[in-house]
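Below: the structure, in structure tokens.
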Amino acid sequence: MSEDHFVNPEVANAVGDWKGYVEAKLGFRNHWYPVRFSKEIAEGEAITVKLLGEALILKRIDGKVYSIRDRCLHRGVPLSKKLDCYTRDTITCWYHGYTYRVQTGELVNILAVPDSRLIGRRKITTFPVEEAKGVIFVFIGDTEDGPPPPLAHDVPPGFLDDDVMVLGKHRVVNSNWRLGAENGFDALHIFIHKDTTLRHYRVFNFPIGHTPLPGAVETVEAPDGPKGVIDDFALHKPAWEGEVDGEVVVRGVRTGEASGTSAAMKTSCWLPGVLKVDSFPAPGLTQFEWYVPIDADSHIYFQTIGHEAKTDEARLKFANDFETIWKPHGLDGFNADDIWAREVTQPFYQDDYGWLDEMLCEPDVTILEWRRLASRCNRGIQTPEHLR
335 MSEDHFVNPE VANAVGDWKG YVEAKLGFRN HWYPVRFSKE IAEGEAITVK LLGEALILKR
395 IDGKVYSIRD RCLHRGVPLS KKLDCYTRDT ITCWYHGYTY RVQTGELVNI LAVPDSRLIG
455 RRKITTFPVE EAKGVIFVFI GDTEDGPPPP LAHDVPPGFL DDDVMVLGKH RVVNSNWRLG
515 AENGFDALHI FIHKDTTLRH YRVFNFPIGH TPLPGAVETV EAPDGPKGVI DDFALHKPAW
575 EGEVDGEVVV RGVRTGEASG TSAAMKTSCW LPGVLKVDSF PAPGLTQFEW YVPIDADSHI
635 YFQTIGHEAK TDEARLKFAN DFETIWKPHG LDGFNADDIW AREVTQPFYQ DDYGWLDEML
695 CEPDVTILEW RRLASRCNRG IQTPEHLR
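So for the sequence shown, the numbering used here puts the first residue at 335; every next one is plus one.
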């Protein structure tokens, strides 16, 4: 791993109560992360993903997805370079025949050395996998002393509710995961969305900016549930017009028909790095989006929209609206501005000094509260040493 994957200790020591956040360039360990939709891995199929710097192979066997590190114990080559699966639940290294049980990582044979004393005594690291709401989650962390925490502790409230139907997409963004989380939770970044095409599909208030007032920002830190920061837009001071030298140069959208000060009711950011936006992209919908670390310079932008749908008719309508409206104009159109902003911001923070050189202003209290909570409530920080 190159030196730019290591955190600059001078910066980490200078930022005070969110030092852990700066150190989490590769993400937080001992958390669940979404990596793919269930429909993307068919029975018997194996795919590769990279998560928190870990190269993984995911394979579905008898309906269940398993995850194993993509690295042979013998000479360290990636098993996926030429994926040899002679049986449904084993992977054989193409180089020298080391063969592993996918479910456990156990070395069950060395085809070229069938009497080796290593057989049955060594194993590749495996990672717990769960599926919920049509999404595959992988736990990156330490399980030697017990099972991982419940998935419900690592997703926002409401995501796992029984009648909630979830649809979405994912793509790679060329920025660190923290810039994704902060872009989504940034109360001021609404400015870049001022020309969104979503205004053609719903009536909403859309200021050019808004500042949280006292009481707007709340932290949630119960020991037996998810940890996050909530920002209530009803307790914001909106900015409707922007002036330069006394001349109005930009205006927000303000209607008498929509309630509140913004298009959404609340935003909240939850560990390990997932945003919840209430009543967005339309009333009755909730956007849940994850910023899943791939490495220090890129993340999986895992976008989903949830909708309570109790009947087949309601599910069919939501699926149709998702494909024709919310995906092209929300996840693709609206969020394209966010992707561009993150990638343009990445060079400033790449060497870590951006955390010292930034000049935050009043609405950024939400970002600072998120950094502090993430620093004190995470279950561990992923480092290059964990990848060895």
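Beta carbons: idealized from backbone N, C-alpha and C, even for Gly.
List the residues that DSSP assigns as beta-bridge partners of lysine 393.
Residue numbering aside, residue 393 sits at position 59 when the sequence shown is read from its first letter. DSSP, once it has assigned bridges, lists Ala380 and Tyr400 as partnering lysine 393.
Looking at the strands, I want to know which residues DSSP matches up with phenylalanine 362.
For the purposes of this step, residue 362 is identified with residue 28 of the sequence shown, where counting begins at 1. Beta-bridge analysis with DSSP links phenylalanine 362 to Ile715.
Identify, in the order they occur along the chain, each residue of the same chain with its Cβ nearer than 8 Å to the Cβ of arginine 455, setting aside the five sequence neighbours on each side.
Residue 455 sits at position 121 when you count from the first residue of the sequence shown. Excluding positions up to five away in sequence, the list reads Leu441.
So, under 8 Å CB-CB, histidine 641 and methionine 499 are touching, yes? Tell me the CB distance rounded to an integer number of Å.
The residue you call residue 641 lines up with position 307 of the sequence shown. The residue you call residue 499 lines up with position 165 of the sequence shown. Going by Cβ atoms, the distance from histidine 641 to methionine 499 rounds to 5 Å, so yes, they are a contact pair.
Within the continuous beta strand (DSSP E) that includes isoleucine 639, where are the two ends?
Here residue 639 refers to the residue found at position 305 when the sequence shown is read from its first residue. Taken as a continuous stretch (DSSP letters only), the beta strand (DSSP E) holding isoleucine 639 covers 632-642.
Counting only the same chain and skipping the five closest in sequence on each side, list residues whose C-beta sits under 6 Å from that of arginine 370.
Counting from 1 along the sequence shown, the entry for residue 370 is found at position 36. Correct list, in chain order: Ile470.
Taking all protein chains shown into account, do 16 or more other C-beta atoms lie within 10 angstroms of the C-beta of valine 678, making it buried, or fewer, making it exposed?
Reading the sequence shown from its first residue, position 344 is the one you call residue 678. Label assigned to valine 678: exposed.
Using only alpha-carbon positions, find the residue among Val699, Thr459 and Leu386 that is nearest to glycine 549.
Position 215 of the sequence shown holds residue 549. Ranking the options by Cα distance to glycine 549, first place goes to Val699.
By Cβ distance below 8 Å, which residues in the same chain neighbour aspartate 275 in space, the five residues on each side in sequence not counted?
This structure cannot speak to residue 275, because the chain is shown only from 335 to 722.
Burial state of arginine 451, where buried means 16 or more other Cβ atoms lie within 10 Å
On the sequence shown, position 117 is the one that residue 451 refers to. Arginine 451 should be labelled exposed.
How would you call glycine 580, buried or exposed, if buried means at least 16 neighbouring beta carbons within 10 angstroms?
Mapped onto the sequence shown, residue 580 falls at position 246. Per the 10 Å Cβ criterion, exposed.
Are the CB atoms of isoleucine 526 and alanine 675 within a distance shorter than 8 Å?
In the sequence shown, the residue the question calls residue 675 occupies position 341. In the sequence shown, the residue the question calls residue 526 occupies position 192. Less than 8 Å divides the Cβ of alanine 675 from the Cβ of isoleucine 526.
For tyrosine 420, write down the residues that DSSP places opposite it in a beta bridge.
By one-based count along the sequence shown, residue 420 stands at place 86. According to DSSP, which records beta bridges pairwise, tyrosine 420 is partnered with nothing at all.
Straight-line gap, phenylalanine 538 to threonine 620 (C-alpha atoms, nearest Å):
Residue mapping note: residue 538 aligns to position 204 of the sequence shown, counting from 1. Residue mapping note: residue 620 aligns to position 286 of the sequence shown, counting from 1. Approximately 15 Å between the Cα atoms of the pair.
Since isoleucine 458 contacts arginine 422 with CB under 8 Å, what's their CB separation in whole angstroms?
The count along the sequence shown starts at 1 and reaches residue 458 at position 124. The count along the sequence shown starts at 1 and reaches residue 422 at position 88. At roughly 18 Å, the Cβ-Cβ gap does not stay under 8 Å, so isoleucine 458 and arginine 422 are not in contact.
For proline 368, three-class secondary structure by DSSP:
For the purposes of this step, residue 368 is identified with residue 34 of the sequence shown, where counting begins at 1. In the three-state scheme derived from DSSP, where H, G and I count as helix and E and B as strand, proline 368 is classed as strand.
With 16 as the cutoff for other CB atoms within 10 Å, does glutamate 287 come out buried or exposed?
Nothing about residue 287 can be read from this structure; the chain reaches only from 335 to 722.
Go ahead and label valine 727 buried or exposed: buried means 16 or more other beta carbons lie within 10 angstroms of its beta carbon, across all protein chains shown.
No answer is possible for residue 727: the residues shown for the chain start at 335 and end at 722.
Less than 8 Å between the beta carbons of proline 438 and threonine 460, yes or no?
Position 104 of the sequence shown, counting from 1, holds the residue named residue 438. Position 126 of the sequence shown, counting from 1, holds the residue named residue 460. In the sequence as displayed, the identity of residue 438 is threonine instead of proline. Their beta carbons are under 8 Å apart, which means threonine 438 touches threonine 460 by this criterion.
With a threshold of 7 Å, establish whether the CB of threonine 658 neighbours any heavy atom of the ligand HEM.
Absent from the structure shown: the ligand HEM. Ligands present: none.
Taking the DSSP output, what are the residues bridged to glutamine 621?
Within the sequence shown, numbered from 1, the residue matching residue 621 stands at position 287. Glutamine 621 is bridged to Val611 and Ile639.
Option in Gly378, Thr530, Pro462 and Glu703 with minimal Cα separation from glycine 586:
Indexing the sequence shown from 1 puts residue 586 at position 252. Closest in C-alpha terms to glycine 586, from the list Gly378, Thr530, Pro462 and Glu703, comes Thr530.
Which runs of the alpha helix (DSSP H) fall wholly inside the stretch 429-465 and span at least 4 residues, in chain order?
Correct list: empty.
Leaving out five residues before and five after tyrosine 355 in sequence, what residues of the same chain have Cβ atoms less than 6 Å from its Cβ?
The residue labelled residue 355 in the question sits at position 21 within the sequence shown. So the list reads Arg705, Ala708 and Ser709, once near-sequence residues are dropped.
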